[in-house]
Structure formats: C-alpha cells, structure tokens
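The structure under discussion appears below in the form of structure tokens.
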Amino acid sequence: MRLTRCFLPVMKDSPSDAQIVSHKLMLRAGLVRQTAAGIYAWLPIGLRVLKKIEQIVREEQDKAGAIELLMPTLQSADLWRQSGRYDAYGPEMLRITDRHDREMLYGPTNEEMITAIFAGEVKSYRELPRTLYHIQWKFRDEVRPRFGVMRGREFLMKDAYSFDLDEAGARQSYYTQMLAYLRTFQRMGIQAVPMKAASGPIGGELSHEFIVLAPTGESEVFYDAAFDEFDWAQSNLSYGDPAGLERLFEQVTATYSATDETHDEARWAEVAEDRRRTGRGIEVGHIFNFGRKYSETMGLKVSGPDGSMVTPEMGSYGIGVSRLVGAIIEASHDEAGIVWPEAVAPWKVGIVTMRGDDPASIAAADDLYARLIAAGVETLYDDRDERGGVKLGSMDLIGLPWQVIIGPRGLEKGVVELKRRATGEREELSVDAALAKLTA
Ligand code: ATP
Ligand code: MG
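The numbering of the sequence shown is my numbering, which starts it at 109 and goes up by one.
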C-alpha cells in the first residue's frame, strides 16, 4: 500500500480524551475513530489488525474442530423470554422496537439463539458432540464505556458453544477450547494466563478467564511464576488425545492463578514466596461450562443411545477480538509507539525514503516496493513528500515489524538500512540482501 493512496490519519499529539496508552496510540496511529460513546469506526490500518486477530482465532477454532457459522446481531425478545434472561439482563441490553412494534434487541451474546437453532435441527446423540462458533459484533450498553475498544459498547467477539451428551464429554470440550485458547494467544505474540473464574455449575472449576498482564488492566491478578515458563504452544499435544488434554487441564488448575474475584489466600500462602506474582490484567477470553441451563430452558433434547431423551450439556467460550487490539498494544509498545508482534501487524514491512525529492531514492524505493509486493510481502510504502524525520516518526508510531530506510547517502554506497522495530537494531545491506531477508 502506498501511503499517499491510503487513508491513514496519523496524529502528532497525544489526544487528551484518552487515558491509557493503547487508546492513545490507537487514535494517534489512526486505527479507530469514536463515532458515539463506546462505538468506533475501524479505519484501514485498525481493520487490518482486527482481521489478522480474527483470522488467527478462526484458524485455531477450526483446528480444534469447532465449526463456524454466523448468527445475526439483532435478536427477538421472545427468544430471550424463553430463557428468562430478557428481564434478568437489565440495562446493559439495548432494546429496540421494529415498525410492527415487535420487541427486538442487539445481541450481547448468543446462548439462546444457538441453542434454539441447534434444538431445531439435532435430534439424536449421534450428532453430538458439536462445537459451533461465530465471530460477530455484540452490543452491551456498558455504564462506563472507557479505554477505547477495550471496554466499548459495540465490540467484536468470537463466541463458541459446545453441545455434549454427558458431563464427561462436556469436560473434553472444555479442555479442547482451553488448549485452543493457549495456542490462539501464543500465536498473537502475547501471554494470556488462564485464571480461575467464578465457578460454573459442574464441579466449580470449569470456568477460566484468560488474562493479559498489563498495568492498566481492570482486574487485580495473582499467579505462580511457573506460568512465566509455561509451554503455551503445547506442540506435542493433539486434540485427539483425551488423556493428554486432561493432563493439560490438571497442570493449569494445579498452578495457582486467580483474579481478585476468585483469589484464595490459603492457597496463595502455599505458593513459595519468591514465586508469587501479582499485578493487573486484561480479560481477553472467558471459557465457561454451564451444564444444562440453556438446553433445559430452550427445549433442546436428543434421543440417547438407549432411546431415552437426553438434555445435552453445554459450554460457551468467548474471545474479545476487538478488545485484543488494545490489549496487544498495552503489552507491546514503547515510547515511540506500537510494536506489533509480526502475526498481527497491519503490514510486515514499511519503506521510508529519507528524501522524497531525490529521484534515485524514489527509484530504489519503487523497485523494492514492487519486488516485495510481487513476493507477497505485506508492505506499506511511505511515498509522501515529507521530511525523513517525520516519516520515521510515523513508521515507529504505526509499529510495523521491519522498516527499510532509503536515502541518497546509502544509495551511493549501494546500501539501504533495515531496522527491526522491536529491538531498534539497524543494519546496512544491499537492496537484494534486504529483499532476501524480508522474504525468507
Ligand atoms: P468484562 O468482565 O470485561 O465486562 P465479561 O466477563 O462481561 O467481560 P464475557 O461475557 O466473558 O465478558 O465476554 C467474552 C469476552 O468478550 C471477554 O472476555 C472480553 O474479552 C470481551 N468483552 C466483554 N465485554 C466487552 C466490552 N464491553 N468491550 C470489549 N470487549 C468486551
Ligand atoms: Mg467474562
């Protein structure tokens, strides 16, 4: 993408209405603009990041055997009356009336709808287990929307729902999503520690929040330092290995971690003092087993192996896709701006010409740009006629993993400069060598 053809409004000064660094940087680097309280338009660069995050979530859900569908944002009030949540949900639910005076709502979540859809189609235990998910906008009329996309009113969520014949099956579905979450966040280049959440109906231990550590997080967290060395990718574990999945779950639950809501002083005291870690964190995901709560109220029954009717066990599994954009920035930035982990960066490479009026620099940059695009490397080319310093500042702010800096002095020696944003390391090398490195 050539910057002169993009829509990339970069701000020099820090916006005064933003309190936390991720929100400031998202405004300054032109990722989002607020259009109403807690509601944001995603500008091109923000949308690219959002789509990358969404795609990682999707791929990891698919690998875990979950099936994607798409449910609407608008739902009928009657659906929610069936579960009793229409009245219970309170003022966070945005209620709408259509022209025929039918009561509708903008979905804050989808348990009722997915259960009703599933109940309409699935009649036999042979069609279980299933986990279905969608990635869709939600609306919650939060009292205090704040911190930009971190606590918005409209936000993008991945929500998955599992259906199992019995409790043992439901546990396996839960373990499967737990592993999918570890891998999902690991791929995004962040550490999201699974922490015990307020208990679910089975057993009490089947609810975890995934928390990214950041000083601006809304929850207070306590965890064993063992999580700092945790193997997040679990590359030796397969989804087809029930015993292995259970061992992973046992390992996670045996290692202390809790938010202020579930913190247990007695268990905390058993963690060696030099291994106790405390801080603040951002909830980026939440997995939850709720047994038969919705299958019962929404009338989901299937015929079991012995012919009797069975009410399936369910769980739900959320990831805050749009919140993650802010959470990743909280976890990965410096004085100069955002430092994107490569997997979610809006582009991999940024090209900067130090002198926008130097024909040799422009020719070299045009050539490198064309070759990077031909090689399939996502590249942003700052072809503005601006001072070099201004362009370098924008590139650092936007935070692409690699910068290629091209200037007349280097070109005389036949070199360009390659800079790694995360470390600030710079090296001079030929255009061919830079290209080889960026396409490796
Ligand atoms: P919170 O405790 O932060 O209000 P929640 O527990 O109500 O969140 P869930 O119902 O568990 O949220 O939703 C699943 C995920 O959706 C959360 O883990 C979070 O990442 C994201 N999420 C929830 N509320 C918001 C919001 N207002 N803005 C952005 N993301 C949100
Ligand atoms: Mg939650």
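A virtual CB, placed ideally from N, CA and C, is assigned to each residue, including glycine.
query	result
Through-space distance from R210 to W340, alpha-carbon basis	47 Å
CB of S232 within 7 Å of CB of V457, strictly	no
For H371, the three-state DSSP class (helix, strand or coil)	coil
Sheet register partners of G445 (DSSP bridge)	D442
Any non-hydrogen atom of the ligand MG closer than 6 Å to H316 Cβ	no
Option nearest E168 by Cα separation, candidates I225, T419 and Y347	Y347
Top-ranked residue by Cα proximity to E535, from E525, A435 and R529	E525
Alpha-carbon spacing of S315 relative to P216, whole angstroms	19 Å
Start-to-end residues for the beta strand (DSSP E) that takes in K456	Segment: none, K456 is in no beta strand (DSSP E) and carries neither H nor E.
Cut-off 6 Å between Cβ atoms - residues of its own chain near D504, not counting five sequence neighbours on either side	A444 and G445
Stretch pair the segment 134–142 + the segment 255–273: three plus CB contacts closer than 8 Å	yes
For R534, the residue or residues it bridges with in DSSP	K527
The segment 324–337 touching the segment 364–374, judged by at least three CB pairs closer than 8 Å	yes
Any non-hydrogen atom of the ligand MG within 6 Å of H371 CB	no
heavy atom of the ligand MG below 6 Å from H394 C-beta	yes
Proximity to P180 [Cα-Cα], best of N218, K171 and A276	N218
Nearest-angstrom Cβ-Cβ length linking S270 and T239, presumed shorter than 8 Å	4 Å
Close-in-space but distant-in-sequence residues of the same chain around I437 (CB under 6 Å, 5 per side omitted)	S130, L133 and I446
A362 versus A334, L345, D349 and S124, residue with shortest Cα-Cα distance	A334
Residue interval of the beta strand (DSSP E) (run including A149)	I147 to W150
beta-carbon G434 near the ligand ATP non-hydrogen atom, thresh 6 Å	no
For E326, three-class secondary structure by DSSP	coil
Beta-carbon proximity check, R529 vs P509, cutoff 7 Å	yes
Nearest candidate by alpha-carbon position, reference F115, set R492, D465 and V498	R492
Residue from K401, K521 and M422 whose Cα sits closest to the Cα of Y241	M422
Sequence ranges, alpha helix (DSSP H) only - wholly within the segment 398–434, length at least 4	401–405
Residues bridged to L488 [DSSP beta-bridge criterion]	G458
Neighbourhood of A174 by C-beta, 6 Å cutoff - its chain only, sequence neighbours within 5 removed	T239, Y241 and A268
Neighbourhood of M119 by C-beta, 7 Å cutoff - its chain only, sequence neighbours within 5 removed	L135 and R136
Bounding residues of the alpha helix (DSSP H) (the contiguous stretch that carries R193)	R193 to A196
Simplified DSSP state of Y289, which is helix, strand or coil	helix
Touching by the beta-carbon criterion (3+ pairs, under 8 Å), the segment 383–395 and the segment 423–435	yes
E250 CB to nearest heavy atom of the ligand GTP below 6 Å	Looking for the ligand GTP in the displayed structure turns up nothing; the ligands present are the ligand ATP and the ligand MG.
Rounded separation between E373 and R384 - CA only	12 Å
Check whether Q299 and P350 have beta carbons under 7 Å apart	no
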